[in-house]
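J.:
Numbering (our numbering), first residue to last: 971 to 1122.
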């Protein structure tokens, strides 16, 4: 199967498995589910954060903590990284990735609506946030994250 997207670092977004959130516990996967990402939007555009370590714009999201559901991870990471909380959050499916080091992993993808924009607080991962209109040149956005905007 042809991959959906490859970023400049060599990470490959292989596919999005169209399953329900309830099916996550039942599905037998050959590789671990490690993280969740959120495609969030308000009336200004898509929520992106500038990751100072990676020096690029990306979606909110991060690693699952022990005992945490994908939904809990998505909401926690969005709050920790951007200080935004969604009014609506919807599971879109499981993303399959082959990372540049050869590891294969899955992650949960969510879409979310933000009605009330909260003040951003700089943190160790995010130097700033933006609600991007999809057009304005803001600098480098990870290719996979840009591709994932289509799944809002």
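For each residue, glycine too, the CB sits at the ideal point set by N, CA and C.
(1) Applying the criterion that 16 or more other CB atoms from any shown protein chain within 10 Å of the CB defines a buried residue, is residue 1019 buried or exposed?
(2) Buried or exposed, going by whether 16 or more other CB atoms sit within 10 Å of the CB of residue 1048?
(3) Since residue 1120 sits in a beta bridge, which residues does DSSP pair it with?
(4) By the 10 Å Cβ neighbour count, where 16 or more other Cβ atoms means buried, how is residue 990 classified, buried or exposed?
(5) I need the straight-line Cα distance from residue 1106 to residue 1116, nearest angstrom please.
(6) Per DSSP, what kind of secondary structure is residue 1098 in: helix, strand or coil?
(7) Give me, in chain order, the residues of the same chain whose beta-carbon lies closer than 7 Å to that of residue 1068; leave out the 5 immediate sequence neighbours on both sides.
(8) Give me, in chain order, the residues of the same chain whose beta-carbon lies closer than 7 Å to that of residue 1096; leave out the 5 immediate sequence neighbours on both sides.
(9) Assuming the contact rule is C-beta atoms closer than 8 Å, residue 1080 and residue 1008 should be a hit. Round their C-beta distance to whole Å, please.
(10) Where do the N-terminal and C-terminal ends of the alpha helix (DSSP H) with residue 1045 fall, by residue?
(11) Give the range of the beta strand (DSSP E) segment to which residue 1090 is assigned.
(12) Assuming residue 1073 is part of the beta strand (DSSP E), what are its boundary residues?
(13) Taking C-beta to C-beta, are residue 1059 and residue 1030 nearer than 8 Å?
(14) Curious, which full-length beta strand (DSSP E) runs of at least 3 residues does the region 998 to 1024 contain?
(15) My output table needs one value for residue 991: the three-state DSSP class, helix, strand or coil.
(16) So, residue 1010 versus residue 1017, is the Cβ gap smaller than 8 Å?
T.: Looking at the atomic coordinates:
(1) Here residue 1019 corresponds to residue number 49 of the chain shown, with the count starting at 1. Buried, by the Cβ-count rule.
(2) The residue labelled residue 1048 in the question sits at position 78 within the chain shown. Result: buried.
(3) Indexing the chain shown from 1 puts residue 1120 at position 150. Paired residue(s): none; residue 1120 is not in a bridge.
(4) The sequence position of residue 990 within the chain shown is 20, counting from 1. The residue in question, residue 990, is exposed, as its Cβ has fewer than 16 Cβ neighbours within 10 Å.
(5) Taking the first residue of the chain shown as position 1, residue 1106 is located at position 136. Taking the first residue of the chain shown as position 1, residue 1116 is located at position 146. Looking at the two C-alpha atoms, the distance is approximately 13 Å.
(6) Here residue 1098 is taken as the residue at index 128 of the chain shown, counted from 1. Strand.
(7) Residue 1068 sits at position 98 when you count from the first residue of the chain shown. Excluding positions up to five away in sequence, the list reads 982, 984 and 1074.
(8) Working through the chain shown from its first residue, we reach residue 1096 at position 126. Hits under 7 Å: 1019, 1020, 1021, 1051 and 1052.
(9) Here residue 1080 corresponds to residue number 110 of the chain shown, with the count starting at 1. Here residue 1008 corresponds to residue number 38 of the chain shown, with the count starting at 1. With a Cβ gap of about 5 Å, residue 1080 and residue 1008 count as contacting.
(10) The residue labelled residue 1045 in the question sits at position 75 within the chain shown. Note, residue 1045: alpha helix (DSSP H), 1040 to 1052.
(11) As a working note, residue 1090 is residue 120 in the chain shown. Residue 1090 -> no beta strand (DSSP E), and no H or E assigned at all.
(12) For the purposes of this step, residue 1073 is taken as residue 103 along the chain shown, with counting starting at 1. No beta strand (DSSP E) holds residue 1073; DSSP gives it neither H nor E.
(13) Within the chain shown, residue 1059 is the residue found at index 89, counting from 1. Within the chain shown, residue 1030 is the residue found at index 60, counting from 1. Contact flag unset, no.
(14) 1003 to 1012 and 1015 to 1021
(15) The count along the chain shown starts at 1 and reaches residue 991 at position 21. Helix.
(16) As a first step, residue 1010 must be located in the chain shown, where it is residue number 40. As a first step, residue 1017 must be located in the chain shown, where it is residue number 47. Their beta carbons are under 8 Å apart, which means residue 1010 touches residue 1017 by this criterion.
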